[in-house]
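Taking it in order: structure first as structure tokens, then the write-up.
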């Protein structure tokens, strides 16, 4: 991305970016930091993806072929941690950095130096996490949910490094969230009331509050682990009077809002893209905001639906089942609004729109399986099987990740000043679309048929569909190399983009030229 | 559940698809759905699953139907000038209230079934289930029967050196035996990390948590052999700790109980017997392969940094007392658990003797053997 912005010498009285490596190390510019986040997240996406392919390669056939069970567990743990904390979350923070100031008509983020810090501690966190692969005893091997006591008494020594890495990630997220909230609350252009904010900004405002609420809870959980491991406490050790289930309550009190942290910004993105390519104002703006807020609030009272099998009392099971089912209401409202926006629109199918439509359809399928999982008695059969794996990959891959890709295609002309290659973009979409469905759809079936998750080898009746799922995974993985190529090609050159880029685009970011100057909105625009 | 006798792992993708769309497609389809199971509760759970599934399908058809219609009917070509409506309070109210009502409709049967599952009165037979890394222990509380359940699939099958059998990864050395028609109550806990005891045909999945006892119950009316698995990541061999339950008529069950009790008596006699080194070593090798190889490996080398090696270990070579102590008590804060309750005195003595004799240990150390009476002695209360 550097090549582009350097080649663009925007000639006004503001200084341009510095040269060389220090530009990126010292930068306090929201656009630079946005790019750093996005590139970092893409690198993590490839590393986490490579680990997923190790998993799928091992599961290609029954029997142990490629790795040992011990290493397999390390792969599934790191894959989860890297995808959640390294790929999806930083990608959304990167998008927030690039877009929130431009969307609200602010010159930059409110706290630019903290912005630099919150990015630059991240690579260290992941360096520490990944270096655990080379430590004696291997990397963390207890799943991304790191249930005690497997992650305490029975963990490899590298768990201490894992705890430190999680602390750093948490600090980064909290700083990033504070920055987003302060920017949105204080730096909106005159006339932009809260209910006039673009939905991506709304989605991030809500997400940032969720992050601030739950990241300290995660930090608490890992600190208690640290105490159990090194300082002789027994928070989670039954033999010392502690409670292993307490860990799960704390973890999922963080964990459930966390999964909405990974989907709310996607809702914002999809709303913008569907509106643009339908050439019709988004249906039900106010109810979209209401729905996101409801989902966020509900996310704090549903955590134990991840724990239906730990032996909760009947009253708790009933409460968490009903509360979880309720989430379907605001989520449904969002889907109905998107569909109604398209109804009687004037639709074209550029790559961002294809990804956004696939997002709506496949995320909804993930929502349906989520509803099924909420039904406690049925969950006794689904829990910890591939049905769950299929469910959360449907909401995370064609959900969160498709939305991120849609966002990149949608805004990259604004970022680089060049149009991406539409033909290649569509090819990338179709390969990803087929890949993701071939990978994850059959996992519903093998899960229902009884295959537990997190196993390196399986009984023979699951063989056929595991093989097909693995083929899909390699297709999906390979098509992301094409994505990298398309992005690089767009950064280097291409058809020049107009300021508004898309025929139906709405919002302040489309009023500045493409590529967006290094400094935008140094005098705030007026919003009527 | 429909099951293929053998599945050729070399099947090409193409033939996979052909199987799917061939005449036995419906049999194949059953294999891809949740099992109906063999208990009243499991059938109710299955019906609930199908009910919610079909509701989702119908909602999906309506929503995606309108969406796909819009995608084809309202392209820029066909509809160059978009409509301008962007809200409609009545419509929005409707699609908030109607889904809520559908949810209530789903929640009622779900809550009813759940309440039935939560009947935790005592069973006719109460069995304590204890999860260990990586096996299950069953204690029949009324009959004083106590045994472990280990995977019997050969490691050569797992590592593709020999063909895989019909019940690959789903076969064990000793099935849990229960009679038909009786209420069986399981009291589920764990010894080390969290496990989860899953028997799909009974719709029971209950986490086994150290320090807690969870309960589950079932009444099975169809005799048969039912297979389940551990469903909570519990370490390296999580994928290799299946559950097998054999449901038999009452008289067969009574005979089994009698046989188990006699076997316990014979074991007591063995403890008194005078053992030779080779007898102990031979028996010990079997015990070792069943209980110890997962961590310490066949060659006694362990895994560097996690599981200590036994070949050439100073304790195994020269410190008989400590050697016994470790197996009896486990090692605090490490993966090594206490085997005091898992192994009989005979098996305990023979496996220690085996490790003190194997891999050249006999030549490098004191070569002392451990006999069952040593273990009995160790177990006596110390004054």
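Residue numbers (my numbering), protein chains in the order written: chain E, 36 to 563; chain L, 7 to 389. Beta carbons are placed, not taken as given, at the ideal position from N, Cα and C, and that holds for glycine. Quantities reported herein were computed from a predicted structural model and do not represent experimental measurements.
- In this structure, residue 378 (chain L) lies near residue 277 (chain L), with their beta-carbon atoms less than 8 Å apart.
- Think of a sphere of 8 Å around the beta carbon of residue 493 (chain E): the chain L residues whose beta carbon falls inside it are 175, 245, in chain order.
- Here DSSP, grouped into helix, strand and coil, assigns residue 131 (chain L) to strand.
- Residue-level contact by beta carbon fails for residue 91 (chain E) and chain L, as no gap is shorter than 8 Å.
- Contact annotation: residue 304 (chain E) and residue 235 (chain E) have beta-carbon atoms nearer than 8 Å.
- Counted as a single uninterrupted DSSP element, the alpha helix (DSSP H) harbouring residue 300 (chain L) occupies residues 299–302.
- Membership of residue 236 (chain L) in the beta strand (DSSP E) is indicated by the continuous run 230–236.
- Below the 7 Å Cβ cutoff, chain L contributes 62, 66 as neighbours of residue 403 (chain E), in chain order.
- In the three-state DSSP reduction, residue 279 (chain E) falls in the helix class (H, G or I).
- Distances from the CA of residue 303 (chain L) to each of L:157, L:161, L:143 were compared; the closest alpha carbon is that of L:161.
- The shortest CA-to-CA distance from residue 538 (chain E) to any of E:327, E:312, E:421 is the one to E:312.
- Straight through space, the alpha carbons of residue 227 (chain L) and residue 469 (chain E) are spaced by roughly 44 Å.
- Listed in chain order, the non-local C-beta contacts of residue 127 (chain E) below 6 Å within the same chain comprise 300, local neighbours out to five positions each way being set aside.
- With respect to chain E, the C-beta atom of residue 274 (chain L) has no partner C-beta closer than 8 Å.
- Under the rule that a run must span 3 or more residues, the beta strand (DSSP E) segments found entirely inside the stretch 91–159 of chain L read 131–138, 141–146, 151–155.
- Contact check for residue 283 (chain E) and residue 417 (chain E): beta-carbon distance about 17 Å, past the 8 Å limit, so the pair fails to qualify.
- Approximately 7 Å separates the beta-carbon atoms of residue 137 (chain L) and residue 197 (chain L); this is inside 8 Å, confirming the contact.
- Per DSSP, residue 136 (chain E) lies in no beta strand (DSSP E); the unbroken alpha helix (DSSP H) holding it starts and ends at 124–139.
- When Cβ-Cβ separations below 8 Å define contact, residue 374 (chain L) makes no contact with chain E.
- The CB of residue 238 (chain L) comes closer than 7 Å to the CB of 419 in chain E, given here in chain order.
- Linking residue 347 (chain E) to residue 361 (chain E) through their CA atoms gives a straight-line distance of about 20 Å.
- Residue 224 (chain E) sits in coil when the DSSP states are folded into three classes, being neither helix nor strand.
- Around the beta carbon of residue 60 (chain L), a 10 Å sphere encloses fewer than 16 other beta carbons of the protein chains shown; the residue is thus reported as exposed.
- Cβ-Cβ separation between residue 194 (chain E) and residue 264 (chain E): approximately 7 Å, consistent with a contact (criterion under 8 Å).
- For residue 120 (chain L), the residues of chain E that pass the 8 Å Cβ criterion are 349, 352, 353, 356, 411, 412, in the order they occur in the chain.
- If you check the CB distance, residue 415 (chain E) and residue 343 (chain E) come in under 8 Å.
- At least one CB of chain L lies nearer than 8 Å to the CB of residue 280 (chain E).
- Cα atoms of residue 459 (chain E) and residue 400 (chain E): separation of roughly 27 Å, rounded to the nearest angstrom.
- Interface annotation, residue 105 (chain E): in contact with chain L, CB-CB separation under 8 Å.
- For a Cβ distance threshold of 9 Å, nothing in chain E lies close to residue 155 (chain L): the least Cβ distance comes to about 16 Å.
- In the DSSP annotation of this structure, residue 272 (chain E) is not part of any beta strand (DSSP E), being labelled neither H nor E.
- By a beta-carbon distance limit of 8 Å, residue 154 (chain E) contacts residue 72 (chain E). Their separation comes to about 6 Å.
- Restricted to the stretch 422–459 of chain E, not a single beta strand (DSSP E) segment is unbroken, complete and at least 3 residues in length.
- In this structure residue 150 (chain E) is not in contact with residue 213 (chain E), their Cβ atoms being roughly 10 Å apart against a cut-off of 8 Å.
- Look at residue 214 (chain L) here: in three-state DSSP terms it is strand.
- Inclusion of residue 370 (chain E) and residue 64 (chain L) in the CB contact set at 8 Å is not warranted, their separation being larger than that value.
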